[in-house]
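Below: the structure, in structure tokens.
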Amino acid sequence: MNRRQWRGFDRQISRWAVGLVLLVGLVLLVPLQGRAEHLKDHYRLGVLLHGNSRLETLAGFQKELANHEREESLSFAYEVRNALGEQGKLQELAEEIIRSQPDIAIAGGGLEADALKAASAGTAIPVLFLAASSVIDRGLVASLTSPGGNLTGIETNDTLLTGKRLWYVRKLLPNSKRVLMFNFPGLSPAVEAIKVAREAAAELDFELTLIEVNDLADLRRIAGSITPENTDVILLSPVTILDAAQVEILLPLSLVRKIPVMGYSMVSIERGAFAMYGGKRFEEGRQSAGMVHALLHGTSPGEIPVETPERIHFVINGWMVDQLGLSLPERAWKLANDIVRVQF
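In the numbering used here, the protein residues as written are 128 to 471.
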């Protein structure tokens with residue numbers, strides 16, 4: 128090859144090199160552009176709460192998400208709408224949240240998730256539920272592994288744990304026989320919890336009594352009929368309405384008539400239950416925050432598996448045990464993960 132041919136060859140190689148650099152640059156740019164669509168410095172989170180009993184869950188979520196803020200130099204603005212226990216307001220508030228076009232809509236619990244699912248239908252807004260029970264039965268997701276749609280979050284398994292709660296009642300109160308549950312026919316978690324309770328009651332030799340109620344007014348009306356003569360223990364279904372009912376109705380009833388209440392979360396303990404078996408809402412809130420990372424990177428909620436609580440706790444409120452005059456077997460105390468003294 129002569130000098131002229133070499134110069135021509137050099138120019139051709141140079142053109143190829145420039146073309147290759149441009150091609151590589153374009154290849155690298157595509158994923159960066161796609162990533163930029165999902166990574167911003169600031170995000171808006173629209174939060175829906177049924178009432179103040181959800182604040183503990185939200186606090187756990189915010190605490191963990193603060194770690195993401197520091198690690199990834201992000202910031203989050205929380206736009207919280209709280210129905211303050213008025214369930215009739217939830218759908219209106221959910222629609223307000225969706226109209227505001229948040230980056231993620233946050234449901235404090237199952238009722239909020241129901242409302243946000245309806246409000247977000249036909250949109251691409253992801254909905255994250257921090258702690259909800261019976262998520263498949265109530266139609267929030269298609270399955271735990273493949274939720275489908277635009278919702279994902281934490282399934283508390285509160286309904287499935289109903290049988291184990293009765294097992295603990297048998298250990299705590301070996302002479303108990305008559306168990307009372309409130310039946311909310313319109314709420315999936317209550318319906319499912321009762322199915323589980325029926326099977327467990329038969330195995331553990333309990334007599335299960337069901338009282339059908341629909342709201343706080345019904346609970347106030349029937350409270351006077353609950354006495355030590357017909358009830359040894361009240362077993363709570365995992366429904367939000369009972370969180371409010373505990374303070375106003377069940378706590379006074381429990382203290383005056385010496386009827387223990389078995390709860391399903393620390394919220395139950397903080398509102399008068401003598402014991403509980405289930406997840407801690409603060410922990411579930413923290414766990415759900417870990418799912419935000421995937422959502423911000425563009426993963427569809429329908430592709431993010433629903434998670435269950437990392438830890439389940441058995442907690443006894445020693446103060447309430449004393450007030451009720453209960454004498455628990457020594458072995459029952461040893462079963463507890465935590466013994467607290469929440470006073471009222």
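Positions of the beta carbon are idealized from the N, C-alpha and C atoms, including for glycine.
Quick caveat, the model's predicted, so the values are computed rather than measured.
If you look at L293, you'll find it in the alpha helix (DSSP H) that goes 289-299. Cβ-Cβ distances below 7 Å link E339 to N310, P312 in the same chain, with the five nearest sequence neighbours on each side left out; the list follows chain order. Distance between V448 and E356, taken at the CA atoms: about 19 Å. No residue range can be given for E434, since it is assigned to no alpha helix (DSSP H) and is classified by DSSP as neither H nor E.
Apart from the 5 residues on each side of it in sequence, V318 has no Cβ closer than 6 Å to any other Cβ in its chain. Judged by beta-carbon spacing, I386 lies beyond the 9 Å limit of D345, meaning their Cβ atoms are not closer than that value.
For A269, the secondary structure class from DSSP, reduced to helix, strand or coil, is coil. A distance of 9 Å or more separates the beta carbons of P432 and Y391.
Annotated three-state conformation of F188 is helix, per DSSP.
Contact between L257 and G412 holds: CB atoms are separated by about 5 Å, below the 8 Å threshold. For L211, the closest alpha carbon among the candidates L423, T426, H420, R181 is that of R181. Three or more Cβ pairs drawn from the stretch 223-233 and the stretch 241-260 lie within less than 8 Å of each other, which places the two stretches in contact. Of the residues assessed, V442 falls on the buried side of the cut-off, its CB having 16 or more other CB atoms within 10 angstroms. Taking C-beta atoms as the reference points, L267 and A232 fail to come closer than 9 Å.
If one requires a minimum length of 4 residues, the alpha helix (DSSP H) runs lying completely within the stretch 437-470 are 445-451, 457-462, in chain order.
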